[in-house]
Ligand code: GLP
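Residue numbers (the working numbering): 101 to 351.
Encoded structure:
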């Protein structure tokens, strides 16, 4: 696992998007990128929207979707992706789990789809409890795409996108940890102090299903991009190495 500590949100978006862009350029024959939602990737999508690169050879596949929200609901991840990326950038094909379909059947269908596509690069955020996609603490590391019950802390964290806590769905369809681990390359972005403890566990803690992101240590090509606030609980040596890695990167 490699990590980089950047100065601010602009640098975080710049580094992450550069890695994605390089990967798209390196695969003119076609490729698949796994996309994430939430606040973390918003800056990355802003960089992407400003770019005029041709993405007609790129297929996208999102990590997760709430169960029960119509696709055009303002808080569905379908709407999120439309608003922040798909209205601006034209891809070959884009896939997101359908939260209105039978969740168990849809999970199986989506797992097959992701397996067939093969993800070349997966963009990830991290929850403040260490979740990746919607794989909450306690999820076994080998899970496939499945239906999951959201923890109260995740529902509260995501309440800011909804009017009331009662409006936040209780279930989601999510790629499993095993599904995510099959991606050839992973880029995880984290910012803000509320991620600091999860980031510390991921980089310096024991591998445990209680912090799902700790499995990423076993992935052969994961880059973690952090701002200073999310890196605040790391040891001085880990921080130093992260800052040096950023200095070597042109952004
Ligand atoms: C959400 C998403 C994750 C995301 C995480 C962090 O619930 N399912 O894919 O990475 O929680 O969200 P945010 O970036 O908004 O802090």
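Note that CB positions come from ideal geometry on N, CA and C, so glycine has one too.
Bear in mind the structure is a predicted one, so any value in this text is a computation, not a measurement.
| field | Of the residues 269, 282, 173, the one placed nearest residue 212, counting alpha carbons only | value | 282
| query | Alpha carbon to alpha carbon, what distance is there between residue 189 and residue 183? | reply | 11 Å
| message | Closer than 8 Å to a non-hydrogen atom of the ligand GLP - does that hold for the CB of residue 113? | response | no
| task | Select from 201, 202, 217 the residue whose C-alpha is nearest the C-alpha of residue 134. | result | 217
| message | Is residue 295 close to the ligand GLP? I mean its beta-carbon at under 8 Å from any heavy atom of the ligand. | response | yes
| Which residues in the same chain have their Cβ closer than 8 Å to the Cβ of residue 293, if we skip the five residues on either side of it in sequence? | 329, 330, 332
| Contact test: residue 122 Cβ vs the ligand ATP heavy atom, cutoff 8 Å | Here the bound small molecules are the ligand GLP; the ligand ATP is not part of this structure.
| Nearest residue (CA-CA) to residue 115, options 338, 324, 334, 335 | 324
| Residue range of the unbroken beta strand (DSSP E) whose run includes residue 195 | 193-195
| query | What whole-angstrom Cβ distance do residue 255 and residue 268 have, given they're in contact under 8 Å? | reply | 4 Å
| request: Can you give me the start and stop residues for the alpha helix (DSSP H) that residue 101 sits inside? | output: First-last for residue 101: undefined, no H or E at that position.
| message | On the CB-based measure, 16 or more other CB atoms within 10 Å of its CB, does residue 130 come out buried or exposed? | response | exposed
| request: May I have the straight-line CA-CA distance separating residue 304 from residue 334, to the nearest angstrom? | output: 7 Å
| residue 296 by DSSP, collapsed to three states: which one? | helix
| task | Give the secondary structure of residue 284 by DSSP, where H, G and I count as helix, E and B as strand, and everything else as coil. | result | coil
| How is residue 302 classed by DSSP in three states: helix, strand or coil? | helix
| task | Specify, as a first and last residue, the run of the beta strand (DSSP E) that residue 249 falls within. | result | 246-249
| Exposure label - residue 143; buried when at least 16 CB within 10 Å | buried
| field | residue 131, enclosing alpha helix (DSSP H) - first and last residue | value | That residue, residue 131, is in no alpha helix (DSSP H); its beta strand (DSSP E) goes 131-135.
| If you run the structure through DSSP and keep just helix, strand and coil, what is residue 212? | helix
| Beta-carbon proximity check, residue 230 vs residue 312, cutoff 9 Å | yes
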